[in-house]
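Enquirer: The following block contains the structure, expressed as C-alpha cells.
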Amino acid sequence: MAAAPAPPPENPARQALPVAAYPEVRRYAAHVARNRGRDLGLTVALFALAAVAGLFGPRLLGALIDGVQHGTTAGHVDVVVGLIALFLVLQTVLTRYANLAAGKFGEGVLAELRENFVARVLELPLSVVERAGSGDLLSRSSRDVDALSQAARFGVPTTLVALVTTALTLVALALVSPWAMLPLLVIVPPIWVVFRWYLKRAPAGYLAESARYADMTDGLTETVDGARTIEALGLQQRRVDRTDEDIRRQYAAERYTLYLRCVFWPTAESCYIVPVALTLLLGGLGYIHGWFSLGQVTAATIYMQQIMGPIDEMLAWADQLQVGGASLARLLGVAGVPADREPSGARPSGEDLVAADVRYSYIPGREVLHGVDLSVRAGERLAMVGPSGAGKSTLGRLLAGIHGPTEGSVAVGGVPLVELPLGELRGQVALVNQEHHVFAGTVRDNVVLPRPEASDAEVGAALAAVDALTWVEALPEGLHTEIGAEGRTLSPAQAQQLALARLVLADPHTLVLDEATSLIDPRAARHLERSLAAVLEGRTVIAIAHRLHTAHDADRVAVVEDGVIAELGSHEELVAADGAYAGLWESWHGRGAAAGERIETAKQVETAKQVETAERIETAERVQRVDTVER
Amino acid sequence: MRHLPEPDPGTPDTRSATRFLFWLVRKQWTTMTLGAFWGVVWMVSQALMPAAVGRTIDAGVTAKNSGELWRWAAAVLALGCVTGVAGVLRHRCAVTNWLTASYRTVQLTARQATELGATLPSRIATGDVIAIGTADTSNIGSTMDVSARFTGALVSIVVVAVLLLAADLRIGLTVLIGVPLITALVGPLLKPMHRRQSEVRALQGRLTGRANDIVAGLRVLRGIGGEPEFAQRYRAESQQLRAAGVRVARVESLLESAQVLLPGLFVVGVTWLAARLAISGDITAGQLVAFYGYAAFLVIPLRTITEAWGRFLKAHVAATRVVTVLALRNPLRQGTESVPADASRTGPAAGTGALADTRTGVAFAPGTFTAVASADPAEAIDLADRLGRYRQAEGVTLDGVPVDALPLSRLRRRILVADNDARLFAGRLADELTPAANGVHCPIGAQRSPGQPIPPGQPTPSGQPTPISDPLVFSPTAALHTAAAEDIVEALPEGLDSAITERGRSFSGGQQQRLRLARALLADPEVLLLVEPTSAVDAHTEARIADRLARARSGRTTVVFTTSPLMLDRAENVVFLVGGRAVAEGRHRELLATVPAYRATVTREED
C-alpha cells in the first residue's frame, strides 16, 4: 500500500446507536471479573497449571539431550521419557478442563451480555431504534457477540497464561545470567513504538469495519425482504449496485485495518529474531573470550526462542482483544442512549388524561406538534381526525406515553406519563397502531405478551372480542399454531386482530387506537368495532381514524391540523360550527348523498339489470362455495 | 491487491457445496496461489530455524570460530526476517482470499434475491438468506484464508520428512507415518464438534431472528407493554444457546487437549527413538538435537492442519446453505424468457394496455381508469396478483397476448402492481422514488417531450433514458402532488435530498402510503394496478388523490382496487367482484342505485 489510507467516514444516511467509551468498557470488564470471579479464577488457574506442566517437558528433554551428549544408559533414557510422557498426560488433562472452564465462563458471560443488551434495547426510546435501522442492532447482537465470544473464551485466559509464561521464562533467563536479558532490551523500544502506533488506530479501524459490515448485511436484508417490490419496480440493478457499493465501503474499512497490521506485524516478527541472533553472537563472542560457559550460551538461546512464543501470543491477542473490546463497546453502547423516561415514584390519583401545551419534534428544530392542550375524562370516547401528517399519530404516541413531549406534559391522574415506570404505564394506558407485526411464536405467544399468565380461556375470550376466534380455531393447531417469521404467514387484517386481542388482554383503563382497524375490510371492521366496544365498556378510548363513522359515534371529536387541535367538541357541535370538521364530514357524507341522489334515478334504471346482477351474484357465491368445499 | 467487489461475480457452480467452494477457489486462483507460495516460504523458513541455530552453535560457538559465528548469526537474523516478511505477505493474500470469496457470496446472494423476486418468500425463509450475509460468508472466507497456511504446513512437513529421511531412514519413516496418523486420530473429534456447532448455529439463527423481531415489533411491544415477556422469552432462548455452547466447548476442549497430547507423544516418541539411536552410536549427538528441533517444529503445521480441517467442515456447512439458495430458480420465469420477441414486442403505439382475465371476467380497456370493488379484500389482492402474474395467471391477457407467454421482466415493466406491502428502501428520497425504467438510471428531472408516448421498457433509438410524455406526471414534484405528498417532503430537513430510513419507518402509515403511490406513478407503467392506495389517508387527502390520479394517468390503463366511495366515484368504470368474479359493472352511482350488495360493500353508512 503506497499511502496511509484514512479510516473510512461514517455512513451519513443513518444515525447509528452510540458506542460506549473506553472507561465504561473497563468498568464493565471489572464488573464481570468481580461477579464471575470464581469461574474466571478457575479458568486462569487451570490454564496456568497446564502451562507449568507444559514447561517440564522441554526441560526434561533438554536434560535428556545433555545426558546423551555426555554419555548415559538406555534405562535412564526410558525413565526420563516416561516422566516426560507423564507430564504430557497431566498437561493434556489440565488443558481439557481449562478449555472447558473457559467455555463455560465465556458462554455465561456472553449470555448475560446479550440478554442485558436485549433488555436495554427493549427500553430504548423508539425513535432511536428506528433511526438506527435493524442492521446495526442485528450485527451487534450476532457479530459483535461472536467476536466477543472469541475474546472472552480464549483471549483473556490465553493472554493471562502468556503473561505468566513470559514472567517465568524471564526469571529462568535472569538465572542463567543477568547479561542474558540485555538482547531483549534492544527490541523493547521498536516494539513499543509500533505497538502503541497500532493500538491507537486499531479500535477505530475495527469499529468502522464492523459498522460497514452492518451496512452490508442491512442492505442484503432489505434486498431479501423487499424482493417483491424490487421485482415489481425493476429495481434489481439498483439493489445490485447498492450491494456492490456497500461491499466497496466495507472493503475500504478492511483495507485500513490490513494496512495497520501490515505495519505492525512484520516489525514485531522481525524483532523476535533479533534477541536470538544477538544472544548467539554476543554469547558466542563471550564464550570465545571466556566470559560465559557453552551451557550458558545454549540455555540463553533456547530461552530466548521460547520467550518469543508467549510475547507473540500477547501481541496477537492484543489485536483480538481490541476487536472484542470494540464489540463490547458496541454492545454496551446502547446503554449510552439517554432514557426518555424517569420514574419519580409518584402514583396517579385518577384516570383523567391531560395534555398541557405539548410540543414535539422528531428532528430538532422541526416541530410537528405546536402546543396541544387536551383533557380526556375517564370513560370518555374521543375521536381524533385530521389530514394525514397533521400529527395525529405523534399525539397518539405522546398520549400513550411512548415518547415524552419535547415541551409541555402529558399526565394521567396528575402524574406525567414519562415519570411512570413502563410496567406501571401499561396498566394505565396502552396503544395499538396500524403496524401489523407478528412475532415468531404461537398465536397464544403473540396474544399473551402483555399478560403471560393469562389462561387459554382468557385468550379465547380476547380473540372472540376481536372476531378472531373463528379463524384461530380453524388453524391446524389452534392457539398453538406457529406464526410469524418461522411459521404461518397471517394476513395484515389478521395481524391487526391479534394486536387488538393483545390490547383486550392488557386491559388498561385508557386505550389509544391509532388506525387500529385500518387494514380490516370495512364491513368486518364495523362488526369488530362494535364487538370491541362492548368489551371496552367504561374504558377511556382515544381513537385516531380516517373513517368518520368512528368520529360520529364518539363523545367528542378533536380535529388535528398542522400540529395543533383546530377544533374540539361533539360531532353535532362541530358540524354546526361549520369549520374544518364540517368540511371533512361533508366530504365524507357526500358519498352517502351521492348514493341517495342516485337512488332517485335508480327507478329509471331497468329492473331487468338488477335482476340480472342479483342472479350473477348468486351464481358467483354458489360457485365460490363449491370452490371452498373443493379446497 | 485486488479491486473489490468485482463487477460481475460470475455464474456459480451450484451442483454441490464442494463444487461451489472449488468454483470460488478457481475464481481467485491467482491470490490463492500467491498466498500458498508465501505460506510455504513462511512455514519452511520456520522449519529451517532449528537447523540454523544448531549450525551457529556448532560451527560458531563450540568451534570458537568468530567468522563462522558472525556468518551464522546473520543467517539466523535473515531467516527470521524472511519469516516476518513472508508472514505478512501471506496474510495480505489470505485477507484478500477471505474477502474475495465473502464478497462474491454476498454479491451472488443479493443477485439471487433480486432474481427470485416476488417468489422468494414462498421458496425459502428470508432469515436463511439473511444468515448467509451474517454468518456463512465468514465461514467460507475463513476457509480461503487458512488455505495459504494449510499449503505451507503440508510443504514444510514434506521438507522436514525429506531432511529426516536423508539423515536416518527409521526416524524419517516415523515422521512420515506419524503425521497422517495424528491427523487421522484428531479427525473423529471434528465430526461431533461440527454437529454440535451446527446445533449452536441453528439456535444462534433463532436468537438473531428474535433480535430482528425486536426492531420490527418494538412499536407494538411498546404500545402494549410486552417488553418484560419478550425479554423473558429472549432470555430463555439465550440460555438454550448457552447450554449448546457449553456442549460445543466440551468437544472443543477435548480437541484442544488432543492437540496437546498427540503431537506431544509424537515429539516424545521421536526423541526417545533418536536418543536410543544416539546411545547406540547410530546418529551423532548433534543430529539428536536437530531431530528434536524438527519434531518440536512439526507441532505447528500439525495444528494448522487440524485447524484447516475444522474450517473446511464449517465452510462446507455454510456452502451447503448458500448452494440451496443459489440453486433456486424462479418458477414464474421458467421457460418464458425465450419466447419469440414478436409476441412481447407489441409496439409502443397508443392504444395498448388492454388487460383482461377470462376467469374473473374482468376486462380493462386501454387507457381507462377503472376501479374494482370487492366484498372480500383478499379476493381483490388475489386478482391483482393474477393480473400482474405474481401467481399462475391462466386466462389473463395483455393486448390479447397471454401474460404467461410474456417474458417476466418485460411484463413487470408494462404492468405494475402497487400494493401496501411494497417496501420503501433506505436511501436518498429522490433516488428511492425514481423509477428504474429499462435499468437505465433515470435522473430526477429528466423529461421527455410531449406527444411521444413511449412506454417504459422501450429504449429510444438513441439509447437515452426513456423520455417522458407529460412533465406534470413524470417529475417527482408532479408525482408527489398527485399523491398529495408534497407536505411530507416539505417537512423534511433537506427535502428530496433527505435520507430516509429502512422501510420508511420514520414516516407514518399514511405518509408511507402516499410516498409509495408517488413512486408507482413515477414508474409510469403502461398498466398500473393500485391495491387500496388510500386506505391509510384521511378523507380530504383521499379526495384530492382521487381527483388528481385520473388526470395524471390519463391515456394509460389504471385499475384501482378499493372500496372507498371517493375513489370509486372518480373511476370511469367500476367492476364489482363477488366470490372472485365480476358480477356487475358500471359507474359508481349507477351500481350504488342498482346493486344492493355493492352498496353494502362500499358505503359506510349504518345499515
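Residue numbers (the UniProt record's numbering), protein chains in the order written: chain X, 1 to 631; chain F, 1 to 607. We put the CB at the ideal spot given by N, CA and C, even for glycine.
State the start and end residues of the unbroken beta strand (DSSP E) segment that holds T558(F).
Expert: As a position in the second sequence, residue 558(F) is number 558, starting the count at 1. From DSSP, the beta strand (DSSP E) with T558(F) extends over T557 to F561.
Enquirer: Counting only beta-carbon atoms, is P493(F) nearer than 7 angstroms to chain X?
Expert: Counting from one through the second sequence, the residue named residue 493(F) turns up at place 493. Yes, P493(F) lies at the interface with chain X (some Cβ there is under 7 angstroms from its Cβ).
Enquirer: If distances are taken between C-alpha atoms only, which option among P157(X), L382(X) and S210(X) comes closest to A101(X)?
Expert: Residue mapping note: residue 101(X) aligns to position 101 of the first sequence, counting from 1. Per the Cα distances, P157(X).
Enquirer: Counting only the same chain and skipping the five closest in sequence on each side, list residues whose C-beta sits under 7 angstroms from that of G427(X).
Expert: On the first sequence, residue 427(X) is found 427 positions in, with the first residue counted as 1. Excluding sequence neighbours, G427(X) sits near P508.
Enquirer: Given a threshold of 16 other Cβ atoms within 10 Å of its Cβ, counted over all protein chains shown, does L182(X) qualify as buried or as exposed?
Expert: Sequence index remark: in the first sequence, residue 182(X) carries index 182 (1-based). Under this definition L182(X) is an exposed residue.
Enquirer: Could you name the residues of chain F that P204(X) contacts, counting a contact when the two beta carbons are closer than 7 angstroms?
Expert: Taking the first sequence and counting its residues from 1, one reaches residue 204(X) at position 204. The question names Pro, but residue 204(X) is Ala in the sequence shown. The contacting residues do not exist; A204(X) stays about 19 angstroms from chain F at best.
Enquirer: Comparing the C-beta of P443(F) with each C-beta of chain X, is any distance below 7 angstroms?
Expert: Walking along the second sequence from the start, residue 443(F) turns up at place 443. Only weak support is given to the placement of P443(F): the predicted model assigns it a pLDDT of 40, under 50, and the value that follows is read from those uncertain coordinates. Not closer than 7 angstroms to any Cβ of chain X, the Cβ of P443(F) fails to qualify, so no.
Enquirer: Do A47(F) and F297(F) have their C-beta atoms closer together than 7 angstroms?
Expert: As a working mapping, residue 47(F) is identified with position 47 in the second sequence. As a working mapping, residue 297(F) is identified with position 297 in the second sequence. Cβ distance < 7 angstroms, so A47(F) and F297(F) count as in contact.
Enquirer: Hey, G226(F) and P310(X): beta-carbon distance below 7 angstroms or not?
Expert: Taking the second sequence and counting its residues from 1, one reaches residue 226(F) at position 226. Taking the first sequence and counting its residues from 1, one reaches residue 310(X) at position 310. Not closer than 7 angstroms, so no.
Enquirer: Cutting at 8 angstroms between CB atoms, please list the residues of its own chain near V339(F), excluding the five before and the five after it.
Expert: Within the second sequence, the letter at position 339 stands for residue 339(F). A caution first: V339(F) carries a pLDDT of 45, below 50, which makes its placement in the model unreliable, though a value can still be read off. So the qualifying residues of the chain are A405, L406 and P407.
Enquirer: Is there a Cβ of chain F sitting closer than 7 angstroms to that of D553(X), yes or no?
Expert: For the purposes of this step, residue 553(X) is identified with residue 553 of the first sequence, where counting begins at 1. Judged by the 7 angstroms Cβ criterion, D553(X) is not in contact with chain F.
Enquirer: At a Cβ cut of 7 angstroms, what residues of the stretch 29 to 54 of chain F count as close to chain X, listed as they run along the chain?
Expert: Taking 7 angstroms as the Cβ-Cβ cut-off against chain X, the residues of the stretch 29 to 54 of chain F that qualify are V53.
Enquirer: Which ranges does the alpha helix (DSSP H) cover as unbroken runs of at least 4 residues, wholly within the stretch 50 to 112 of chain F, from first to last along the chain?
Expert: Taking only runs of at least 4 residues, no alpha helix (DSSP H) segment lies wholly in the stretch 50 to 112 of chain F.
Enquirer: Just the chain F side, please: which residues come within less than 7 angstroms of S141(X) by C-beta, in chain order?
Expert: Your numbering for residue 141(X) matches position 141 in the first sequence. Near S141(X) (Cβ distances below 7 angstroms), the residues of chain F are T208 and A211.
Enquirer: Helix, strand or coil for G408(X)? Go by DSSP, reduced to three states.
Expert: As a first step, residue 408(X) is located in the first sequence; it is residue number 408 there, counting from the start. Reduced to three states, the DSSP call for G408(X) is strand.
Enquirer: In this structure, how does DSSP classify L17(X) when only helix, strand and coil are distinguished?
Expert: Translated into the one-based positions of the first sequence, residue 17(X) becomes position 17. L17(X) falls in the coil class under three-state DSSP.
Enquirer: By the criterion of Cβ-Cβ separation under 8 angstroms, what are the contact partners of G103(X) in chain B?
Expert: No chain B appears in the structure shown, which is made up of the protein chains X and F.
Enquirer: On the premise that R228(X) lies in contact with A491(F), defined as a C-beta separation below 8 angstroms, what is that separation, rounded to the nearest angstrom?
Expert: Within the second sequence, numbered from 1, the residue matching residue 491(F) stands at position 491. Within the first sequence, numbered from 1, the residue matching residue 228(X) stands at position 228. Going by Cβ atoms, the distance from A491(F) to R228(X) rounds to 29 angstroms, so no, they are not a contact pair.
Enquirer: Given this structure, state the Cα-to-Cα distance separating V440(F) from R238(X), to the nearest angstrom.
Expert: Along the second sequence, read from residue 1 onward, the residue named residue 440(F) stands at position 440. Along the first sequence, read from residue 1 onward, the residue named residue 238(X) stands at position 238. Note that V440(F) scores 38 on pLDDT, short of 50, meaning its location in the model is unreliable and no value can be drawn from it.
Enquirer: Just tell me which of R219(F), T208(F), G264(F) and L221(F) has its CA closest to the CA of S238(F).
Expert: If you number the second sequence from 1, residue 238(F) lands on position 238. The shortest C-alpha separation from S238(F) is found at T208(F).
Enquirer: Taking A63(X) as the reference, which of L498(X), G295(X) and G404(X) has the closest Cα?
Expert: In the first sequence, residue 63(X) corresponds to position 63, counting from 1. Among L498(X), G295(X) and G404(X), the Cα nearest to that of A63(X) belongs to G295(X).
Enquirer: For A501(X) versus V466(X), is the C-beta spacing smaller than 7 angstroms?
Expert: For this step, residue 501(X) is matched to residue 501 along the first sequence. For this step, residue 466(X) is matched to residue 466 along the first sequence. Their beta carbons are under 7 angstroms apart, which means A501(X) touches V466(X) by this criterion.
Enquirer: Do you know whose CA, among D66(X), G290(X) and I302(X), lies nearest V276(X)'s CA?
Expert: Taking the first residue of the first sequence as 1, we reach residue 276(X) at position 276. Minimum Cα distance to V276(X) is reached at I302(X).
Enquirer: Is there a Cβ of chain X sitting closer than 7 angstroms to that of P348(F), yes or no?
Expert: Here residue 348(F) is taken as the residue at index 348 of the second sequence, counted from 1. Caution is warranted here: a pLDDT of 44 is assigned to P348(F), below 50, making its placement in the model unreliable, and no coordinate value can be reported.
Enquirer: Y272(X) touches chain F at which residues, Cβ-Cβ below 9 angstroms?
Expert: Locating residue 272(X) in the first sequence gives position 272, counting from the first residue. Here the neighbours are G80, T83 and G84.
Enquirer: Please list the residues of the stretch 258 to 292 of chain F that have a C-beta atom closer than 7 angstroms to any C-beta atom in chain X, keeping them in chain order.
Expert: Residues V260, L261, G264, L265, V268, T271, W272, A275, R276, A278, I279, A285, L288, V289 and Y292.
Enquirer: Considering only their Cβ atoms, is the gap separating R556(F) from G400(F) smaller than 7 angstroms?
Expert: For the purposes of this step, residue 400(F) is identified with residue 400 of the second sequence, where counting begins at 1. For the purposes of this step, residue 556(F) is identified with residue 556 of the second sequence, where counting begins at 1. Going by C-beta atoms, G400(F) is not nearer than 7 angstroms to R556(F).
Enquirer: Provide the residue(s) that pair with H370(X) in DSSP beta bridges, ordered along the chain.
Expert: Within the first sequence, the letter at position 370 stands for residue 370(X). H370(X) is bridged to R359(X).
Enquirer: Determine which residues share a DSSP beta bridge with F22(F) and list them.
Expert: As a working mapping, residue 22(F) is identified with position 22 in the second sequence. Paired residues: none, contrary to the question.
Enquirer: Determine the burial state of T92(X): buried for a count of at least 16 other Cβ atoms within 10 Å of its Cβ, exposed for fewer.
Expert: Taking the first sequence and counting its residues from 1, the one referred to as residue 92(X) is at position 92. With 16 or more other Cβ atoms within 10 Å, it is buried.
Enquirer: Can you give me the C-alpha to C-alpha distance between L288(F) and A274(F), rounded to a whole angstrom?
Expert: For the purposes of this step, residue 288(F) is taken as the residue at position 288 of the second sequence. For the purposes of this step, residue 274(F) is taken as the residue at position 274 of the second sequence. One C-alpha to the other measures close to 6 angstroms.
Enquirer: Could you check which residue in L511(X), A516(X), A33(X) and V297(X) has the C-alpha nearest to that of L175(X)?
Expert: Start at 1 with the first residue of the first sequence, and residue 175(X) comes out as number 175. For L175(X), the nearest C-alpha among the options comes from V297(X).
Enquirer: Are any of the Cβ atoms in chain X nearer than 7 angstroms to that of L528(F)?
Expert: Within the second sequence, residue 528(F) is the residue found at index 528, counting from 1. No, L528(F) lies away from the interface with chain X (no Cβ there is under 7 angstroms from its Cβ).
Enquirer: Could you tell me which uninterrupted alpha helix (DSSP H) segments, each at least 4 residues in length, are contained entirely in the stretch 320 to 356 of chain X, listed from first to last along the chain?
Expert: Correct list: empty.
Enquirer: How many Å lie between V77(X) and L60(X) at the Cα?
Expert: Reading the first sequence from its first residue, position 77 is the one you call residue 77(X). Reading the first sequence from its first residue, position 60 is the one you call residue 60(X). Cα to Cα, the separation comes out at about 10 angstroms.
Enquirer: Taking the straight line between their C-alpha atoms, what separation do you get for A161(F) and L154(F)?
Expert: Start at 1 with the first residue of the second sequence, and residue 161(F) comes out as number 161. Start at 1 with the first residue of the second sequence, and residue 154(F) comes out as number 154. Roughly 11 angstroms between the two C-alpha positions.
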